[in-house]
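What follows is a short report on a single structure.
Residue numbers (full-length UniProt numbering): 1 to 230.
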């Protein structure tokens, strides 16, 4: 099982064009399965991009194992992988195997190791027959799987999922849920799919960029549903 990095947010604040998106978040994310929920515009996706250094807060700090993402964003991205909501934003190479190999090549890993990693994932996740297929011809579920595997192949210690079930049918939702459940890494999942997170260790509810609830998923989900009723 992959060791979990120490992720800390200290008075994290952010805005877009003067509109506050995150308002003084203080969190320590240490559990193996963490869900972040809330309505659209609550700051969830902004937070996801901050966790792996794609976005730096206007104020405050995000720290990974004590190192600020502001000072060393590359180290943050090595430790924490991010799976985007839309796989089209993540798949960039022409074929399935080329897309999987892209990240490791950027790390200058030996060719033999890259080939071994690609082969392992293609076989393990049932994509071996799609190896040379154009990635844009994959089904929606296969594209989502490929986008996940393009992060898994980098062997991060944490994987952040931004709305992993968006636009998937029931069969593919079940498939992706199984893939996620079997991953050894720490998972931080941003989702509206509350059924996905009932067995998680912890859930965090955001509203208007602020922390509203933090605790066992059943309690936080109940608070979220109560909030929707008011």
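Cβ coordinates follow ideal geometry from the N, Cα and C atoms, glycine included. Owing to the predicted nature of the structure, the values given are computational and were not obtained by experimental measurement.
field: One or two residues paired with residue 35 in a DSSP bridge
entry: 189 and 203
task: Sort 174, 3, 18 and 145 by Cα distance to residue 85 and report the nearest one.
output: 145
message: Tell me the rounded alpha-carbon separation between residue 176 and residue 141.
response: 8 Å
query: With a CB to CB cut of under 8 Å and the five nearest residues on each side skipped, what residues in its chain are close to residue 132?
result: 95, 96 and 97
message: Helix, strand or coil for residue 64? Go by DSSP, reduced to three states.
response: strand
- request: To the nearest angstrom, report how far apart residue 58 and residue 76 are at their CA atoms.
  value: 17 Å
- prompt: Does DSSP put residue 110 in a helix, a strand or coil?
  reply: coil
- prompt: According to DSSP, which residues form a beta bridge with residue 134?
  reply: 95
field: The alpha helix (DSSP H) enclosing residue 76, as first and last residue numbers
entry: Looking at the DSSP string, the run of the alpha helix (DSSP H) that includes residue 76 is 73 to 79.
Inter-residue spacing [alpha-carbon to alpha-carbon] between residue 188 and residue 24: Rounded to the nearest angstrom, the two C-alpha atoms are 20 Å apart.
- prompt: So, residue 159 versus residue 103, is the Cβ gap smaller than 8 Å?
  reply: no
Residue 220 burial status per 10 Å Cβ neighbour count (16 or more: buried): With 16 or more other Cβ atoms within 10 Å, it is buried.
query: Since residue 176 is in the alpha helix (DSSP H), which residue starts that stretch and which ends it?
result: Run containing residue 176: 170 to 182, per the alpha helix (DSSP H) assignment.
field: Cβ distance (whole Å) where residue 91 is taken to contact residue 147 below 8 Å
entry: 6 Å
- prompt: Is there contact here, the region 115 to 133 with the region 64 to 81, by at least three beta-carbon pairs under 8 Å?
  reply: no
task: Report the rounded CA-to-CA distance for residue 173 versus residue 165, giving the unit in angstroms.
output: 6 Å
task: Determine the closest residue to residue 10 out of 223, 125, 47 and 88, with distance taken between C-alpha atoms.
output: When each option's Cα is compared against that of residue 10, the closest is 47.
- prompt: Looking at C-alpha atoms only, which residue of 42, 60 and 3 is the closest neighbour of residue 209?
  reply: Minimum Cα distance to residue 209 is reached at 42.
task: Report the rounded CA-to-CA distance for residue 183 versus residue 192, giving the unit in angstroms.
output: 20 Å
field: Cβ neighbour criterion (16 or more within 10 Å) applied to residue 52
entry: buried
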